[in-house]
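Structure first, commentary second.
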Amino acid sequence: MASTNSSQNNQTLDETLSVAAQVLAIENTITLIIAIIVIAINFLGLIFVLFHKTLRNREVTFISNIFTSSIGTGIIHLILIAQLKIDMLSALAVQNAFVGAFNWQITMLTVHRFLRVYIPLKYKRIMTTTIIVSINIIAWLIPFIASFLLIKVWYILDQSPSGILAVQWLLFLFMYFIPCIITLSLYMWILYLVVSYSKTAKQLTTTVRKNNRAYYQVVLITSFYLICWLPFCIYYMIRSSILLPSKVKEAIQIGLRILPYIHTALNPIFYTLFTGSLKHEVQQALMKGQRRLTISILRRQRYDANIGDSTNTKASAYLASTVRFSRGKVNPTY
4 MASTNSSQNN
14 QTLDETLSVA
24 AQVLAIENTI
34 TLIIAIIVIA
44 INFLGLIFVL
54 FHKTLRNREV
64 TFISNIFTSS
74 IGTGIIHLIL
84 IAQLKIDMLS
94 ALAVQNAFVG
104 AFNWQITMLT
114 VHRFLRVYIP
124 LKYKRIMTTT
134 IIVSINIIAW
144 LIPFIASFLL
154 IKVWYILDQS
164 PSGILAVQWL
174 LFLFMYFIPC
184 IITLSLYMWI
194 LYLVVSYSKT
204 AKQLTTTVRK
214 NNRAYYQVVL
224 ITSFYLICWL
234 PFCIYYMIRS
244 SILLPSKVKE
254 AIQIGLRILP
264 YIHTALNPIF
274 YTLFTGSLKH
284 EVQQALMKGQ
294 RRLTISILRR
304 QRYDANIGDS
314 TNTKASAYLA
324 STVRFSRGKV
334 NPTY
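Quick note: the sequence shown uses the numbering used here, first residue 4, plus one each step.
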């Protein structure tokens, strides 16, 4: 009887380990693909931001740091999946630090945008270059110091399960929850200000249109943040207190881990699209391509006209003379 129970327990344990191995393999494959996408998207965005000399907007500093922290997050995911011969404790600390830096950079950018909306006349005097650089340095240093300090202190002093649970809670609060709450609160405040400005300026059509665009931008960013981070935060808070079957728990964990990775990959792109100077640069680059294409077509038409009869030559010359270029756009004068 005892041997039968022992064999059944061993069989159950083997099945559990097999399921855990399959779940881990699926999770590693998914995170590997997403990590590569994160690195590729954000590296291209960072290159575009850094190598355009006309981009001198104050938000560019924050957006560049968001791209950089996203790239770092993707790289550390690859390192953890590959299981290279490194100190895994340090790798986990770096992972938490990059995620924390990403979230705090978004929070700092949100504070910057809030001040620009809330106190537009005083905002330039407050957000000087020195202040912006100092904020960015602090947003990088504090997550790294906090992550390494908490994990190393737990490793040196107390390696008990209760100790690691306390470390996880502190990391969760500092790296995820606090910046998430600050960001969402400020965006809700910005949304309130935008709506109130729209109501008081209904007689100005252009102002209302701009405020409506800002309204949709704020709604999109806030919704994206809530969809990607809030389920992960809720699961992180309750997973230690709710007893779920192992298969269900692992499936939920995989699904909720994917959401922050998607947020890390796409959020900088949203911020870039909602930044006027960056958006203008993209439009200018596209217009330059359109201008080159138009010039090539006109040259081809002129060449074809020159080898044709004189009537076609005069018509082509007249057509070319009536087209002028302004800021990369083709504007017919007739």
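Idealized CB from N, CA, C, for every residue including glycine.
- Message: According to DSSP, is M130 part of a helix, a strand, or is it coil?
- Response: The answer is coil: DSSP assigns M130 none of H, G, I, E or B.
- Which value, in whole angstroms, describes the spacing of the CA atoms of I135 and L152? Whole-angstrom Cα-Cα distance: 26 Å.
- Whole-angstrom C-beta distance between H115 and F177, which should lie under 8 Å: Rounded, the Cβ-Cβ distance is 21 Å, inconsistent with contact.
- Message: Below 8 Å, how does it come out for the stretch 72-84 and the stretch 119-136: are there three or more Cβ pairs, yes or no?
- Response: Too few Cβ pairs lie closer than 8 Å, so no.
- Message: Checking 7 Å against the spacing of the C-beta atoms, do T113 and L189 come in under that value?
- Response: For T113 and L189, yes; Cβs fall inside 7 Å.
- Cut-off 6 Å between Cβ atoms - residues of its own chain near L49, not counting five sequence neighbours on either side: Once the five neighbours on either side are set aside, the close Cβ partners of L49 are F70.
- Please state if the CB of M111 and the CB of A85 are separated by a distance shorter than 7 Å. No. Outside cutoff.
- Cα separation between P146 and L229? The C-alpha of L229 is placed about 22 Å away from the C-alpha of P146.
- Query: Roughly how many angstroms separate the alpha carbons of T34 and I148, rounded to a whole number?
  - Reply: Distance between the alpha carbons of T34 and I148 is about 26 Å.
- Task: Report the option in F54, I82, S67 and L196 whose CA atom is closest to the CA atom of N31.
- Result: When only C-alpha atoms are compared, the closest one is I82.
- Item | As assigned by DSSP and simplified to three states, the class of L2 | The structure shown does not extend to residue 2, since the chain is modelled only from 4 through 337, so no value can be given for it.
- DSSP on P123, reduced to helix/strand/coil? Three-state result, P123: coil.
- Item | Beta-carbon contacts of A288 that lie in its chain and below 8 Å, excluding the five residues immediately before and after | Model confidence at A288 stands at a pLDDT of 48, short of 50, so the residue's coordinates are unreliable and nothing is read from them.
- In whole angstroms, what is the alpha-carbon distance linking L173 and G103? Within the model, the alpha-carbon separation for L173 versus G103 is close to 12 Å.
- Use the C-beta contact count for A28: other C-beta atoms within 10 angstroms, 16 or more gives buried, fewer gives exposed. If you draw a 10 Å sphere on the C-beta of A28, you find fewer than 16 other C-beta atoms in it, and that means exposed.
- Message: For a test of the three-state rule: what should DSSP assign to F117, helix, strand or coil?
- Response: Look at F117 here: in three-state DSSP terms it is helix.
- Secondary structure at F101, three-state DSSP: helix, strand or coil? Per DSSP, reduced to three states, the secondary structure at F101 is helical.
- Message: Tell me which residues share the same chain as F46 and place their Cβ nearer than 7 Å to its Cβ, disregarding the 5 neighbours each side in the sequence.
- Response: Contacts found: I74.
- What's the call for Q129, buried or exposed, on a 16-neighbour Cβ count within 10 Å? Reading off the sequence, residue 129 comes out as Ile, not Gln. Exposed, since its Cβ has fewer than 16 Cβ neighbours within 10 Å.
- Query: Based on Cα-Cα distance, which residue from M191, I109, L144 and I193 lies nearest to S67?
  - Reply: If we check each option's Cα against that of S67, I109 comes out closest.
- Decide if Q25 is buried, meaning its Cβ has at least 16 other Cβ atoms within 10 Å, or exposed. Burial call: exposed.
- Item | Cβ neighbour criterion (16 or more within 10 Å) applied to S150 | Counting C-beta atoms within 10 angstroms of its own C-beta, S150 has 16 or more neighbours from the protein chains shown and is therefore classed as buried.
- Item | Of the listed residues V63, S137, G166 and T225, nearest to I185 (C-alpha basis) | Here the closest residue by C-alpha is T225.
- Message: Are the CB atoms of I44 and V3 within a distance shorter than 7 Å?
- Response: Here the chain covers residues 4 to 337 and nothing more, so residue 3 does not appear.
- Query: So, I159 versus A96, is the Cβ gap smaller than 7 Å?
  - Reply: Result no, Cβ atoms of I159 and A96 do not sit closer than 7 Å.
- Message: Please report the distance separating the alpha-carbon of I39 from that of L124.
- Response: Answer to the nearest angstrom: the Cα atoms are 43 Å apart.
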